[in-house]
Amino acid sequence: MAHYQAMGSIPPKRHTQHRRPARRGRVGELYYEELMGEEGFSSDSSLLYHRNIPSTVAEYREWSVGDLATSPNHPLLPRHLTPHDLFPAKVVRDTDVVTGRRLLLGNGDVRLSYAVAGAPSPWYRNGIGDECVYVERGSARVETVFGAFEVGEGDYVVIPRATTHRWLPQRSGKDPLRTICIEASSHIAPPKRYLSKYGQFLEHSPYCERDLRLPRGPLLAEDVGERPDATTEVYIKHRGGGPASSGGIVGTVHELPFHPLDVVGWDGCLYPYVFNVRDYEPITGRIHQPPPAHQVFEGWNFVVCNFVPRKVDYHPLAIPVPYYHSNVDSDEVMFYVDGDYEARKGSGIGKGSVSLHPGGHAHGPQPGAAEASIGKEYFDELAVMVDTFRPLELGEGARACDDGRYAGSWNAGRRR
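Sequential numbering of the sequence shown, starting at 1, is according to UniProt numbering.
Written as structure tokens, this is what we have:
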């Protein structure tokens, strides 16, 4: 996100002395400057000023990140997943957003997981790529070394690679924290076509800088009622020789002899931010708009789109639901978050469902949906879509909640 921000205490000139306040006439100790930069320090970066040496590790141990093995979608089938079934109420209380994720789908570029959480997460850092976590239901506080966010339903929380943070859900029996986790092996950013060559959102973009929420900070240990010298564990996900079926992903826990909230100030163009789907202004037309019109983010070899409540096609002969289409270069995943999804009526898909439409298989509205949509002026639906440009494989979560019937859901419209 190439928009410069500055927060807290920083020196007038980068890479120069920045000291703690003088005490009793003595010069204060230096803060420790950390450059957090992307692409070999040739892209966006930020400078963070720590009370402690950020490289310090007192102890370490392995962390078993769970079952990240995947298996091919073979035989090739469209699938309907029901991830709500993966988290019965009795286990939610002790589950957190980080260690409790269940892998639904993944490839070498992106992994899509689901988690329902009632417990605080450990401090966590993804050393593989950026994360984009969509809050389906519930609310939480997300604390990071850049500052904190209060997040709730409809928020996309975009967290750059290697950002130390934790999730603190608000306990609720009615609406626990439900999250859709998009973990990249790259960076996640707004589509380039929405941005000027200098990084400003252009006029045709469906959202802009005003819609982004920045972290509130600086945030220090004492601000959250904890001791600056408290020994703290940080869970790190990284590559390191795991089995090929899991992408070589492994985990390590670093024990720090201090609290990770020790950044007194930072500045730069690399930081976490939050965008709420309600601030997305849909692009509509007289006839049906293709999926790129709904794009919100992109990563390497994948895009993220969202379908929001909107006025639909207004040509006098328009058919508002999508035409049948073959994603010849991509697999399509749809998380059905809310509303009444016109194209999927009769398929068994509802709120909380996930569909996988793989490349090589034509898909589109369920039988009768096209005719029923004629004359509609508005669709009240909310969904998050991820299209990948390499095939997705099935994770253990998908295998556990596949309804096994979706591939036959178009058969009712077969002509005899």
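All C-beta atoms in this analysis are idealised placements derived from N, C-alpha and C, irrespective of residue type, glycine included.
Determine the burial state of residue i: buried for a count of at least 16 other Cβ atoms within 10 Å of its Cβ, exposed for fewer.
| i | result |
| --- | --- |
| Y341 | buried |
| Q366 | buried |
| Q295 | buried |
| L35 | exposed |
| F41 | exposed |
| V57 | exposed |
| E29 | exposed |
| R416 | In this predicted model, R416 has a pLDDT of only 49, less than 50, meaning its place in the structure is not dependable; the value taken from the coordinates is given anyway. By the neighbour-count rule (16 or more Cβ atoms within 10 Å), R416 is not buried but exposed. |
| A115 | buried |
| V303 | buried |
| N126 | buried |
| Y235 | buried |
| A230 | exposed |
| G173 | exposed |
| P12 | exposed |
| S330 | buried |
| R14 | exposed |
| D94 | exposed |
| K237 | buried |
To the nearest angstrom, how far is the alpha carbon of residue i from that of residue j?
| i | j | result |
| --- | --- | --- |
| V328 | G217 | 45 angstroms |
| V92 | H259 | 27 angstroms |
| N306 | P83 | 19 angstroms |
| G251 | G240 | 8 angstroms |
| P75 | D402 | 14 angstroms |
| G285 | R405 | 34 angstroms |
| V253 | R101 | 17 angstroms |
| P272 | N301 | 21 angstroms |
| L261 | I53 | 12 angstroms |
| Q170 | G360 | 42 angstroms |
| Y323 | I287 | 11 angstroms |
| F87 | S409 | 26 angstroms |
| G138 | V27 | 48 angstroms |
| E131 | S113 | 11 angstroms |
| K376 | E143 | 43 angstroms |
| S246 | I182 | 16 angstroms |
| F335 | G348 | 14 angstroms |
| T164 | H325 | 41 angstroms |
Given a cut-off of 9 angstroms, decide if residue j and residue i are closer than it, judged by their beta-carbon atoms.
| i | j | result |
| --- | --- | --- |
| G299 | H187 | yes |
| E59 | E203 | no |
| L177 | V135 | yes |
| residue 417 | D279 | Absent from the model: residue 417. The displayed extent of the chain is 1 to 416, so no value can be given. |
| R111 | G364 | no |
| P160 | H357 | no |
| E233 | W123 | yes |
| A141 | V157 | Rather than Ala, the amino acid found at residue 141 in this sequence is Arg. No. |
| G147 | L214 | yes |
| residue 474 | S9 | Residue 474 lies beyond the stretch modelled for the chain, which goes from 1 to 416, so this question has no answer here. |
| residue 435 | P291 | The chain is shown from 1 up to 416; residue 435 falls before or after that span and cannot be answered. |
| I249 | A184 | no |
| V224 | H50 | no |
| G154 | N276 | yes |
| R23 | Y31 | no |
| V97 | V65 | no |
| L212 | E38 | no |
| G106 | E371 | no |
| D109 | F389 | yes |
| S373 | A407 | no |
From the beta carbon of residue i, is the nearest beta carbon of chain C less than 9 angstroms away?
| i | result |
| --- | --- |
| E342 | Chain labels in this structure do not include chain C; a single protein chain is all it has. |
Report task. Please determine if the region 305-321 and the region 351-361 are in contact, where contact requires at least 3 C-beta pairs separated by less than 8 angstroms. Result -> no
Query raised in the report: Where are the alpha helix (DSSP H) runs, 4 residues long or more, that stay fully inside the region 312-385, in chain order?
Result: 369-373
Report task. Please list the segments of the alpha helix (DSSP H) lying wholly inside the region 62-117, counting only runs of 4 or more residues, in order along the chain. Result -> 89-92
Query - Unbroken stretches of the beta strand (DSSP E), 3 residues or longer, contained in the region 209-295 - result: 232-239, 249-256, 263-268 and 273-276
Query raised in the report: Can you list the beta strand (DSSP E) stretches of 3 or more residues lying completely in the UniProt region "Disordered" (1-24), in chain order?
Result: 5-8
Query raised in the report: Is there contact here, the region 317-332 with the region 210-227, by at least three beta-carbon pairs under 8 angstroms?
Result: no
Query - Runs of beta strand (DSSP E) lying entirely within the region 26-57, each at least 3 residues, in chain order - result: 32-37 and 45-50
**Report entry** Cβ contact check for the region 199-213 and the region 270-290: 3 or more pairs under 8 angstroms
**Finding:** yes
Requested in this report: Examine the Cβ distances between the region 60-75 and the region 378-387 and report whether three or more of them are shorter than 8 angstroms.
Outcome: no
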